[in-house]
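Just so you know, we're using full-length UniProt numbering here: the sequence shown kicks off at 1 and counts up by one. All residues carry an ideal CB built from backbone N, CA and C; glycine is no exception. Input: a single structure, listed below in structure tokens.
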Amino acid sequence: MNDDNYVQISIYDALLSRFLTHYRKIRSYLSLATQDSDSFKLGSIPPETPDGGYWIEPTILTVPDESPIMKDEIFGPVVTISSFESEEEAIARANDSQYGLASILLTRDGARMRRVGERLDAGMVWVNCWLVRELGTPFGGMKASGTGWEGGDYSRNVFTNVQTLHIPSV
């Protein structure tokens, strides 16, 4: 697979503009992170108009929970890392989000896997893994993360329009 992308000429300018807007969006979050001089653990803010392409390097940030960087979905190569002291604190902070598509729980404690996993407000909870999915199981989120479910029996509802037709008997 290569990195070549081909776009029909009739939508080329509009698509290119949207890609550039997304680059600027990610850049704005990275600029926001500079408010705390110690937030960048890896990465930096890319130039506004780069010579070598619109590349954003993988970035690791530590920012307060109240930061939009922690609250928003950036959809870029940016990860935030924050420490916690107790299981209760970790659950409360993880659930303090408007989104709930997926969560990742890393633990060696079998009882904690179930106890914490069941309390996370996420449609999918991966325990000690990521992006592992049995296609017969439901896929979907909670809160503002998507609408509806697909996978397994749920697929029928996602891709079906239900209609009831009442015809009086003669």
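With residue i as the anchor, note down where its alpha helix (DSSP H) starts and where it stops.
i	result
S103	Note, S103: premise wrong, no alpha helix (DSSP H); beta strand (DSSP E) at 102-105.
V132	That residue, V132, is in no alpha helix (DSSP H); it is neither H nor E in DSSP.
F19	9-33
P46	From DSSP, P46 is part of no alpha helix (DSSP H); its letter is neither H nor E.
P68	68-71
Between which two residues does the beta strand (DSSP E) containing residue i stretch?
i	result
V116	Note, V116: premise wrong, no beta strand (DSSP E); alpha helix (DSSP H) at 110-117.
L120	From DSSP, L120 is part of no beta strand (DSSP E); its letter is neither H nor E.
I60	59-61
F40	40-42
Compare the beta carbon distance of residue i and residue j with 8 Å and say whether it is the shorter of the two.
i	j	result
S28	V63	no
W130	I91	no
G123	G100	yes
P77	I56	yes
A33	Q98	no
L135	N95	no
I60	I26	no
Which same chain residues end up closer than 7 Å to residue i when comparing Cβ atoms and leaving out the 5 residues on each side of it in sequence?
i	result
M1	For M1, the pLDDT reaches just 47, beneath the cut-off of 50, and the residue's location in the model is therefore unreliable, although a value from the coordinates is still provided. Counting only Cβ-Cβ distances below 7 Å, and skipping sequence neighbours, we find nothing.
R93	D65, F84
D51	none
V7	L15
P58	L42, G43, P77
Go ahead and pull the three-state DSSP assignment for residue i.
i	result
E88	helix
Y154	helix
M1	Interpretation of M1 is limited by its pLDDT of 47, a score under 50 that renders its predicted location unreliable; the figure taken from the coordinates is listed afterwards. The answer is coil: DSSP assigns M1 none of H, G, I, E or B.
K143	strand
Kindly list the residues whose CB is nearer than 8 Å to the CB of residue i, restricted to its own chain and excluding five residues on each side of it in sequence; keep chain order.
i	result
M70	V63, P64, T80, S82
T107	M113, V116, V127, N128
Looking only at its own chain, which residues have a Cβ that is under 6 Å from the Cβ of residue i, when we skip the five neighbours before and after it?
i	result
S67	none
G141	G100, L101, G123
Y54	Y23
L30	I45
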